[in-house]
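See below for the structure under consideration.
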Amino acid sequence: MGKTMGKDWEETKQELAKTALKSMGNAYVPYSHFHVGAALLTEDGTVYTGVNIENSSYPAAICAERTAIFKAVSEGHRKFQAIAVCGGLNGKAGDYCTPCGMCRQVMREFCESGDFKILLVKEDGPVKEYTIGELLPLSFGPESLEG
Ligand code: THU
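Under the numbering used here, the first residue of the sequence shown carries the number 100, and numbering increases by one thereafter.
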């Protein structure tokens, strides 16, 4: 369970970035050594972290973003404001780590308002802000299944 952040957007962004960077330490990455951390902000201000969790059977691994989203959804959350993501080899987020295609698709499921922000974070440098439309254009979503 995360904590509530009652702050303005700039402050919230920086806190989410810090939380994502800190969570990278929990990544279970004995195979790639590529740590990824995510911090997901729900509509009600709760924050869920996620890390990548690898497996000796490689395809059984899960990315940090989906860990965070699935944790939150499994606790009853369905709407989200933003997710901060960072990662790098040996736990050093020296460059921006962009979400994989599968994670973008999972994010797409929960951003019907279009306000959802994907925040790319690195150790030294500004937080970059994207919408799901920018990262996943011409996407397939829940409404695609409506007649
Ligand atoms: N990874 C993530 O956690 N998120 C992404 O969006 C990209 C890739 C993880 C999966 C794997 O554990 C490691 O990074 C190297 O691919």
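Note that beta-carbon positions come from the ideal geometry of N, C-alpha and C, so glycine has one too. Quick caveat: nothing in here was measured; it's all calculated off a predicted structure.
Reference residue i; option with closest CA among the options
i, options, result
"K170", "G190, A137, L235", "A137"
"C162", "K191, F179, C196", "C196"
"V146", "T166, G193, E222, D214", "T166"
"E233", "G186, I217, A119, E222", "I217"
"S155", "E245, P241, P129, K121", "P129"
"V220", "D194, R203, T230", "D194"
"Y157", "L139, Y127, R177", "Y127"
Close Cβ partners of residue i (< 7 Å) along its chain, the five nearest in sequence each way excluded
i, result
"S238", "R207"
Spatial distance of residue i from residue j (CA atoms)
i, j, result
"G224", "N125", "22 Å"
"N189", "C210", "32 Å"
"A119", "C199", "16 Å"
"V184", "P241", "24 Å"
"P236", "K112", "24 Å"
With 16 other Cβ atoms within 10 Å as the buried cut-off, status of residue i
i, result
"S131", "exposed"
"A159", "exposed"
"K117", "exposed"
"E164", "buried"
Any non-hydrogen atom of the ligand GTP within 7 Å of residue i CB
i, result
"F209", "Questions concerning the ligand GTP fall outside what the structure shown contains, since the ligands it does hold are the ligand THU."
* Listed by chain order, which residues have C-beta atoms less than 6 Å from any heavy atom of the ligand THU? -> Matched residues: V128, S131, F133, V135, N151, E153, A160, C162, A163, E164, P198, C199, C202.
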